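So the sequence lines, in the order shown, correspond to chains D, R, X and V. Offset between the first sequence (1-based) and the numbering used here: plus 83. Offset between the second sequence (1-based) and the numbering used here: plus 27. Offset between the third sequence (1-based) and the numbering used here: plus 14. Offset between the fourth sequence (1-based) and the numbering used here: plus 576. We treat Cβ as the ideally placed atom computed from N, Cα and C, and that holds for glycine. Quick caveat: nothing in here was measured; it's all calculated off a predicted structure.
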Amino acid sequence: MNTSQTDALLDVRNLKVEVTTKAGSFFPVNDHSFSVKSGETLGIVGESGSGKSMTAMSLMRLLPKHAAKIRGGSVKLDGRELLTLSEKEMRKVRGADISMILQDPQTSLNPAFTVGDQIKEALKLHAPGGRKTLRERTIDALRRVKVAAPEHRVNSYPGEMSGGMRQRVVGAIAISCRPKVIIADEPTTSLDVTVQAQYLRLLKELQDETGMAILFITHDFGIVANLCHRVIVMYAGRIVESGPVAKIFAKPAHPYTEALISAVPSLHGQKERLTTIPGQPPAPTDIVVGCPFAPRCQYADARCHSEAPPTVAADQSGDHTTSCWRAVEA
Amino acid sequence: MAEVQISAQRPRRSLWQRSRDFPILPLAVLLIVFIIPAFFAHWIALHDPYVPNLRARLQPPIFFGGTWEYPLGTDRLGRDIYSRIVHGAWYVLAVSFIGILVGVVVGTTLGLIAGYVRGWFDGFVMRLVDISLALPAMLLALALAAAMGASFLSVVIVVGFALWAYFARQVRAEVLLLRNADFVARSRVAGSSHFRILFRHILPNVTNTIVVLATLQVGIAIMLDASLSFLGIGIPRPTPTWGLLVSDGRDFIATDWWIAFFPGLAIMLTVLSVNMIGDWLRDTLDPRLRQV
Amino acid sequence: MLRYLLQRGASSLFALLIITVIVFSLSQLSGSPVDALLPDDATQEQIDIFIREWGLDQPLWKQYLTFLGNAVQGDFGVSLKWPGESAMGFVLDRMPATLRLGGLAILITLIIALPLGIAAAVYKGSAIDRIAQGFALLGQSMPNFWLGIVLIWIFSVWLGWLPTSGIGSFAHLILPAIAIAWFQISALARLTRSAMLEVLDAEYIKLARVKGVSEWAVVFKHALRNAAVVPLTYFGILAASILTGSVVIESVYSYPGMGWVAIEAIRGRDFPVVQAVIIAYAVIYMLSNLLVDLLYVIVNPRIKHG
Amino acid sequence: MKSRIADVTRGASKVFTAALLAGTILSTVNAQPAMAQSTVVVAVSPLGADSNLYWTTTGAFILPSLQTLVGQDPETGKYDNSQLAESWEHNEDFSSWTFRLHPEAKFNDDWGPVTSADVVHSFNLHIGDDAKLSGISQFREISVGAVDDHTVQFDLPAPDPNFLFSHAGRGSLAIYSKAQFDAEGIEGYEAAPAGSGPFRYEGRETGQSITFSTIADHWTGASPEFDEIQFRWVSEPSTRMAMLSAGEAHAVTLPRDLQDDAAEAGETVLASSEGAMQTTMLFTGQFMNPEAEENRDARSYAWADVRVREAMNRALDRDAILEALYGEGVRTLPVYTMDPRFPGYSEEIAARFDEAYGYDPERAMELLEEAGYPDNFENPKIPLVVTSLAGNPEFAQMAELVQAYFDIAGIQTEMREQDWATGNTAIRGFSADFVTPMRNAPVRPSALGVQIFFTSQASPHLDVGDPELNKLGADLVSETDPETRDAMLDQMFTRIFDSYAHLPMATVPASVVVNSDLVEGWTFPGTTSSGLSHFELIDLK
């Protein structure tokens, strides 16, 4: 990852997060570097437990207080270092500059408040205004995520809405303050396919409209293909491959990426039985010698088991990297 | 929730991992203070718990001027506090066990049926629950003691009465969730009788709840027993239930403190350990019950 | 919502009716007032007069109907033990004392237990959490009369700060209120902690943080609002157990409230007062539960649509 | 709409908190003013004196504002004229008693002098239907007349040599003011009865306390050195002890062991100059009735056999038991209701006590074997009543100790924990089948006591069923010759003694513990129901 991009909106360098549990400590985010430009969508792909969500939360600096700590690296937003901000300053960044859409629309809205209140809360914090303007902007935010009759919906409780509608509200909260970056953490997993498609279209439209950058976290390469410009693939806390979507689909450099891509459902959207990767990822606390994917890799050889592969360019352009011995050899 | 949430799909913890949190110390304390004395009182007591020794009245405990003859001191009739505590354990165990059993059987049966058949019976049972919660157990105990005389039985009834409603409520709530579950529907389709569905299919699914709830009630039962003894309507003398020992020594808290202190300590350690084990059971078996 | 409350009210009334039956039969079971109220060497003549005067020679069902008819009008008859006092009037006279004590106990419970439970949840695993849990466990394992007496010795005799017993000034309320609250604090703190933990784990808390909401607002606005349902539901039980607890504690502190009346009346076989006091207890309990239902609807607007 | 709900929530929780706070603060406003410096506080277990109408109580506590006719000497307990009667006389057969009132006696609060009319008026109130006084039934047959303004005559249906007892320690007649009644009616008494005692009734908190102020120039010349005296009803002994230690109470009653602790802590234990009560364990049921009563067959219980009764008595180490219960120096009681202060006392019986009742477990076991115990008995188990009675906190321990000694001798027992009233119900219903602690307080004249506790005369439910005792009891009622009465009582006591008709325990003085920093001394005879009297003699430091 030596392709330092000067025009990057969000630039993450060598980010390291350590988690301590009773069973021991480990690094779910291990030396991550990536960046994203305005108007760009970066997909972060990996199985559960690969450290995707942890990466997202560390960007927001919302890691579990006692158990997880950022152990190094830098996160720059528009050239401003986030990791050294005070908690108070960071609060001003959250919701205003970087926003996030959480996984589960069923539970990510507070059942005790109306949706209007929950949108307004963010507005109030980051762009204060009179009662009336706040209300207008709240309704406007709802309108932008295509909620019908937003004037009435502001008074609804989450419990009175459908899952898709709620996820739109979550989206409305995220975009309400017009952030530069939105992190979407598997926002569509729990929605059915049609709603999912609508939602993704909506995100794209919003991006076109505002020019925000999106970090799209998913385990589904199908979505990545539709939505993202670039993608990084994570496995066991490490970035194993990164590059433009087209290149990676055309020629995955890492066997894990290859396996993930072959798991994408057919273009018709039918969920056929996917190729599954045999075996399990290592437990987070396991001490891994060599390539962490080696035990499941059909190409693995002795070196893969004994020595960790370096990150290398996968082609001449330099925007496609991977960490695999096979790429090194090539 | 000891570990950090790493991702939405938290890896299931193995039984071994869970058992590592097992509260060993509370279990050890419980064994030493409660279980072993309850079953082996005759072997480990130093004196007859009932026989006064009027020449050894109000002996202080060892290290406070007493002797090893009476390690925890003696009461005002010269009976060995240690031996009385040890012998009392059995009665405390019996009262809380049988009392809770009464509560469990009554509460679970009513809760099961109420949640399953719904309708008027459900309403009726829930009214009974209301009533039972609205009648202070202590008053009932007083009236009951006046009516039938205080006895082991009356104490057990009071404990059962005080607790059944909690079981009924909790079990009913769970049955309401379960009765529409797939496996219930399947067995209904398969032609199982209601009785069979209730007791073969639903009951096993609420067992965890009952076990956890029951464990957490042990403390309440022991406390209730103590309060009844305080009011003079507990298990009759000279049975040395801990409640009676504490209650008997209460006049001497400022002077001959050991009479009430050691039985009180026994109660405290027992309730403490049972509660800690109960918490662990709850977290392990049935995290939904956090709120009981 | 109104319908819901009416429905709850109606079922409470039904429960009250059943309670009158229970109370009536129990007081019948508990023996004759003759023996408690007449001297040991009373003559048959004295006894006969007494029985006739109090209608104890009527058939039971008749006694019950008479009782119920009068009870509906708030008339529970005249106290046998406290001459010249109407039974309900006597209980109502004592009620403010108990409500004052119970109110203070509830206040102490809330003031200590809620922050403690919240702090323990927010700083889970920290020293505060461990102290709170230790306190909770301790509180639940100490007989309250024992605690009551220990408090008297520490604060009244040795430190001389507060009166030992009786009623009168605010100072008289402090020790008994603490003794009653102790157990409740531990129960409520425990409940609050687990309810808060559950809620703090929720996605919407994460969302609030993501929005840039301050930690204070996250805890007290977003989390507490949702977690409050649990302690609130417990409030009904809390009220009942504080009343129950007061029976023992009022006796320790010789505090003449309803608990004291209850014990004295039952010991004295003062049927009218026993009936009045138990009904009064039940009514307080049911009213506090209605209040809980009401608060519940307010705190948790979802139920309105449920 | 949302914000409205939020407002309501906030509003509701504010109102709620405010209500709680307000209630709490209001209670401070209610606070009583600080007590005057010279208020004497006496804390005792509740005596059931919750009425100003003395005759509607059981007579456990006579308000110190009221007086009776006959007083008692604080040192000796002898009848004296310290109360309303200056002198008295009776006719030859004790059936007519005349009392002369102190001419200078007057009611407090300017209700005028105490006259015969007040006595007659009070008497009529006391025998009303609402009267619950202990021993009042005998009064119903009496006719009272005023001879002159200061002389009243009581005509009795049967001779009663012990009539003074009713007017002294028993306190069957408290004198109320007729003038007050005429002016204010019974409500006046209920609010504040005027009396002629050295104290004025100030008020009560039901179940809590009664307060009296002292009278400045009392007609008896009594002048207490304090302004007020307050009696507090506190049921927990440890709370009373705490009150004493904290200086909140001048004098408290305490169980024996706590008295020791208090003494160790430097407080002073004051005992009444005379025995205040006798205690025993009584067998119930007409166990000495040779033909089984149709009510129940008492003889199916083990104590129907005199050998078993003797064994039970022999099994008890009274010295040890009484020391544990009452402390050193308490007198063992040869026969319950027999007392050296009253006629009928037998030195001879007292002298035989050790020989006949002395601790001898071997003899007890022999006797049991002789009686074929337990095999020959339908119900070999002896139910022992464990109970608590205000003023007798030791009863529970008594039962436990008796149980322990019975156990050593091989007598089977069963403990019955029940409240006093429950025991009474069974006794009154003739269904009692237990051995129960009993007390005789105040110590009645023997002739009265023996009738109540052993014969069918006064309270048939306590009758032991012995034809001989009942015959003697019936004869005693009409006998007036003091010597013949003495002889009859002697016979009765001998009969009771020789047939081991009960388990006699002790004669016990009443005792109070006083805060030695506050109280110098207090002499009282221990002749009233509560054991307490002569409050004007409380001597402060």
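{"query": "Pair within 7 angstroms by beta-carbon distance, F299 (chain D) and G126 (chain D)", "result": "yes"}
{"query": "For T674 (chain V), three-class secondary structure by DSSP", "result": "strand"}
{"query": "G199 (chain D), enclosing alpha helix (DSSP H) - first and last residue", "result": "198-209"}
{"query": "Own chain residues within Cβ distance below 7 angstroms of P270 (chain X), not counting five before or after", "result": "R108, A111, I181"}
{"query": "Alpha helix (DSSP H) segment containing M303 (chain R), residue limits", "result": "285-312"}
{"query": "Closer than 8 angstroms at the beta carbon, the chain A residues around L145 (chain D)", "result": "The structure shown contains no chain A; the protein chains it does contain are D, R, X and V."}
{"query": "Meets three-Cβ-pair contact criterion under 8 angstroms: the segment 259-267 of chain X and the segment 184-199 of chain X", "result": "yes"}
{"query": "D223 (chain D) versus A139 (chain D): straight-line alpha-carbon distance, rounded", "result": "27 angstroms"}
{"query": "Classification of N628 (chain V) by the beta-carbon crowding that lies within 10 angstroms, buried from 16 upward", "result": "buried"}
{"query": "For I112 (chain R), the first and last residue of its enclosing beta strand (DSSP E)", "result": "Run containing I112 (chain R): none in the beta strand (DSSP E); it sits in the alpha helix (DSSP H), 108-144."}
{"query": "Contact set between the segment 68-100 of chain X and chain V, restricted to residues whose Cβ is under 8 angstroms from the partner", "result": "K95, W96, P97, G98, E99"}
{"query": "Limits of the unbroken beta strand (DSSP E) element including E1096 (chain V)", "result": "1095-1097"}
{"query": "Residue-chain proximity (L16 (chain X), chain V), Cβ-Cβ < 7 angstroms", "result": "no"}
{"query": "Touch test, the segment 366-375 of chain D against the segment 383-398 of chain D, Cβ-Cβ under 8 angstroms, three pairs minimum", "result": "yes"}
{"query": "Sequence-distant residues of the same chain with beta carbon closer than 8 angstroms to L909 (chain V), five excluded per side", "result": "Q854, T855, T856, P1080, M1081, A1082, T1083"}
{"query": "Whole-Å CB distance - N158 (chain X) paired with F184 (chain X), under 8 angstroms assumed", "result": "About 21 angstroms; that fails the 8 angstroms criterion."}
{"query": "Contact check, A101 (chain X) vs V261 (chain X), beta carbons under 7 angstroms", "result": "no"}
{"query": "First and last residue of the uninterrupted beta strand (DSSP E) at Y981 (chain V)", "result": "First-last for Y981 (chain V): 971-985, but that is the alpha helix (DSSP H), not the beta strand (DSSP E)."}
{"query": "Chain-order list of residues whose beta-carbon lies under 8 angstroms from that of A841 (chain V) (same chain, five-residue window excluded)", "result": "S821"}
{"query": "The alpha helix (DSSP H) enclosing E1044 (chain V), as first and last residue numbers", "result": "1043-1054"}
{"query": "The segment 1047-1055 of chain V touching the segment 997-1017 of chain V, judged by at least three CB pairs closer than 8 angstroms", "result": "no"}
{"query": "Cβ pair I262 (chain R), V182 (chain R) closer than 7 angstroms", "result": "yes"}
{"query": "Interfacial residues, the segment 989-1002 of chain V to chain R, with Cβ spacing under 8 angstroms", "result": "M991, R992, E993, Q994, D995, A997, T998"}
{"query": "Exposure label - K754 (chain V); buried when at least 16 CB within 10 Å", "result": "buried"}
{"query": "CA nearest to the CA of K215 (chain D), picked from D:E234, D:C311, D:V230", "result": "D:E234"}
{"query": "Short-range partners of chain R found in the segment 142-164 of chain X, where Cβ spacing is below 8 angstroms", "result": "L151, L152, Q154, S155, M156, P157, N158, F159, W160, I163, V164"}
{"query": "C-beta atoms of A1086 (chain V) and G1102 (chain V) nearer than 7 angstroms", "result": "yes"}
{"query": "Min CB distance A281 (chain R) to chain X below 7 angstroms", "result": "yes"}
{"query": "Straight-line gap, N232 (chain R) to L204 (chain R) (C-alpha atoms, nearest Å)", "result": "11 angstroms"}
{"query": "Amino acids of chain X, ordered along the chain, whose beta-carbon sits closer than 8 angstroms to that of G246 (chain R)", "result": "Q154, S155"}
{"query": "Span separating the alpha-carbon of E1112 (chain V) from that of L120 (chain R)", "result": "54 angstroms"}
{"query": "Cross-chain neighbours of N302 (chain R) in chain X, by beta carbon under 8 angstroms", "result": "L151, Q154, S155"}
{"query": "N-terminal and C-terminal residue of the beta strand (DSSP E) that L664 (chain V) is part of", "result": "It is Trp, not Leu, that sits at residue 664 (chain V) in the sequence shown. Per DSSP, W664 (chain V) belongs to the beta strand (DSSP E) from 661-666."}
{"query": "Min CB distance G747 (chain V) to chain X below 7 angstroms", "result": "no"}
{"query": "Residue-level contact to chain V via CB, V78 (chain R), 7 angstroms cutoff", "result": "yes"}
{"query": "Simplified DSSP assignment, three categories, for D803 (chain V)", "result": "coil"}
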